[in-house]
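See structure below.
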Ligand code: SAM
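Numbering (the working numbering), first residue to last: 206 to 496.
Printed below as a string of structure tokens:
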């Protein structure tokens, strides 16, 4: 066991992990402003974004760029500053650093080198979405961004399908529709979902419904803004102790398998797969004919 008593570590500088607003600048905390003003350096994911925040709050601290492509080189430089007694505050473009954002490597490195890491909490999109979702907030599992590759995404969702915890995902608007379809394929269409859009901003919207309704919404609306998804956990784990033989198949593969084995027409196979997976025929039809 090692103990870090932040207030007693005065020799070297401290690494402050500072949360910043996810949209609404009024969510900036007094402490975050003070720490950013007093630090010797701000390590920013994108200095062009952070400069706007700094201008707004009268912060004039020099900035260092720290992003996912320079973590090693910039990380060593930051550690050097800390070892020389300088305080460094790390921020990301929005929300808490380290949470689907750069920072975790630096925290690990600082701890490895015996330096103090001080959290300065602020907004986080996932927790903000969770508390307003109306879906059981505990226990929850924060996943962040799912893999982009279809195969890896499917494998990941197949594992998550069994989880009873409320699941939290981030998704980019241009990938939302595909991700929602993948969720329906692996989880079925019945589960509750809340799509929290543009949280804390002017066009904040909470879209509540089932996964199947979410796909329908994504197919009929223009998808704009930032989204966080809150998905109900598996409510039927007890009944599902046995793995279904088709669990590892996509909806399309499932239909094809039935057509081949049972010499069925696609129309009948689609109906059967829809019943088995508790999906609407429309979703299965689309997965078979379009995807
Ligand atoms: N570190 C951030 C945090 O603590 O929330 C998350 C950064 S991650 C790169 C960005 C993703 O967070 C977006 O693609 C979106 O999924 C989610 N997000 C960020 N701001 C949001 C907002 N205002 N409303 C909804 N989702 C948001």
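Backbone N, C-alpha and C define an ideal beta-carbon position, used for all residues, glycine too.
What you are looking at is a predicted structure, and each value in this text was computed from that prediction instead of being measured.
| said: Among the candidates 387, 303 and 289, whose CA atom is the shortest distance from the CA of residue 295? | reply: With respect to the C-alpha of residue 295, the residue from 387, 303 and 289 having the closest C-alpha is 303.
| said: Whether or not the stretch 269–280 and the stretch 221–237 are in contact is what I'm after, with contact meaning three or more pairs of Cβ atoms, one per stretch, closer than 8 Å; do they touch? | reply: Judged by Cβ distances under 8 Å, the stretch 221–237 makes no contact with the stretch 269–280, as fewer than three pairs qualify.
| In the DSSP assignment, what are the bridge partners of residue 438? | Residue 438 pairs with nothing; no bridge assigned.
| said: Less than 7 Å between C-beta atoms, sequence neighbours within five positions excluded: which residues of the same chain meet that for residue 372? | reply: The beta carbon of residue 372 lies closer than 7 Å to those of 346, 348, 365, 436 and 438 in the same chain, with the five residues before and after it left out.
| Span of the beta strand (DSSP E) around residue 346 | Looking at the DSSP string, the run of the beta strand (DSSP E) that includes residue 346 is 345–350.
| message | Just checking residue 405 against the ligand SAM - is the residue's beta carbon closer than 8 Å to any of the ligand's heavy atoms? | response | Taken from the Cβ of residue 405, at least one heavy atom of the ligand SAM lies inside 8 Å.
| query | In the structure shown, what three-state DSSP assignment does residue 259 receive? | reply | In the three-state reduction of the DSSP assignment, residue 259 falls in the helix class.
| said: Just list the residues that DSSP pairs residue 376 with in beta bridges. | reply: Bridge partners of residue 376: 432.
| What are the boundary residues of the alpha helix (DSSP H) that includes residue 246? | That residue, residue 246, is in no alpha helix (DSSP H); its beta strand (DSSP E) goes 246–249.
| When burial is assigned at 16 or more other CB atoms within 10 Å of the CB, is residue 391 buried or exposed? | So residue 391 ends up on the buried side.
| field | Near the ligand SAM: residue 423 beta-carbon under 8 Å from a heavy atom | value | No.
| said: If you follow the beta strand (DSSP E) that residue 408 is in, where does it begin and where does it stop? | reply: According to the DSSP assignment, residue 408 belongs to no beta strand (DSSP E), since it is labelled neither H nor E.
| field | Any alpha helix (DSSP H) of 4 or more consecutive residues that is wholly inside the stretch 268–307 | value | Those alpha helix (DSSP H) runs which fall completely within the stretch 268–307 and span 4+ residues are 276–288.
| request: Can you tell me the Cβ-Cβ gap for residue 478 and residue 495, rounded? I've got them flagged as a contact below 8 Å. | output: No, residue 478 and residue 495 are not in contact; Cβ-Cβ is about 15 Å, not under 8 Å.
| query | Using DSSP with H/G/I as helix, E/B as strand and the rest coil, what is residue 486? | reply | Annotated three-state conformation of residue 486 is helix, per DSSP.
| Where does residue 449 fall in DSSP's three states? | In the three-state reduction of the DSSP assignment, residue 449 falls in the coil class.
| request: Would you kindly report the start and end of the unbroken alpha helix (DSSP H) that includes residue 312? | output: Per DSSP, residue 312 belongs to the alpha helix (DSSP H) from 309–317.
| query | Quick one: is the Cβ of residue 233 within less than 8 Å of any heavy atom of the ligand SAM? | reply | Checking every heavy atom of the ligand SAM against the Cβ of residue 233, none is found closer than 8 Å.
| query | By the 10 Å Cβ neighbour count, where 16 or more other Cβ atoms means buried, how is residue 342 classified, buried or exposed? | reply | Classification of residue 342: exposed, given that the 10 Å Cβ count is below 16.
| field | Beta-carbon contacts of residue 240 that lie in its chain and below 7 Å, excluding the five residues immediately before and after | value | Counting only Cβ-Cβ distances below 7 Å, and skipping sequence neighbours, we find 221, 223, 294 and 325.
| Near residue 254, what residues of its chain come up, given a Cβ to Cβ distance below 6 Å and the 5 sequence neighbours on each side ignored? | Taken in chain order, the residues that qualify are 298.
| query | Do residue 400 and residue 412 have their CB atoms nearer than 9 Å? | reply | Contact flag set, yes.
| Nearest to residue 232 by CA position, among 280, 339, 262 and 396, is which residue? | If you compare the alpha carbons of 280, 339, 262 and 396 with that of residue 232, the shortest gap goes to 262.
| request: Just mark residue 384 as buried or exposed, buried being the case when its beta carbon has 16 or more other beta carbons within 10 Å. | output: Residue 384 counts as buried, since at least 16 other C-beta atoms from the protein chains shown sit within 10 angstroms of its C-beta.
| query | Using the C-alpha atoms, what's the distance from residue 386 back to residue 376? | reply | Going from the Cα of residue 376 to the Cα of residue 386 covers about 13 Å.
| request: Taking only heavy atoms of the ligand SAM into account, decide whether any of them is closer than 8 Å to the Cβ of residue 427. | output: For residue 427, the shortest C-beta to heavy atom distance toward the ligand SAM is 8 Å or greater.
| query | Hey, out of 466, 470 and 474, whose CA is closest to residue 456's CA? | reply | The residue with the shortest Cα to Cα distance from residue 456 is 474.
| request: Verify whether the separation of the beta carbon atoms of residue 248 and residue 314 is less than 9 Å. | output: Going by C-beta atoms, residue 248 is not nearer than 9 Å to residue 314.
| request: Check residue 495 in the structure and name its three-state DSSP category. | output: Residue 495 carries a coil assignment under DSSP once its states are collapsed to helix, strand and coil.
| message | The beta strand (DSSP E) that contains residue 353, what's its start and end? | response | Segment: none, residue 353 is in no beta strand (DSSP E) and carries neither H nor E.
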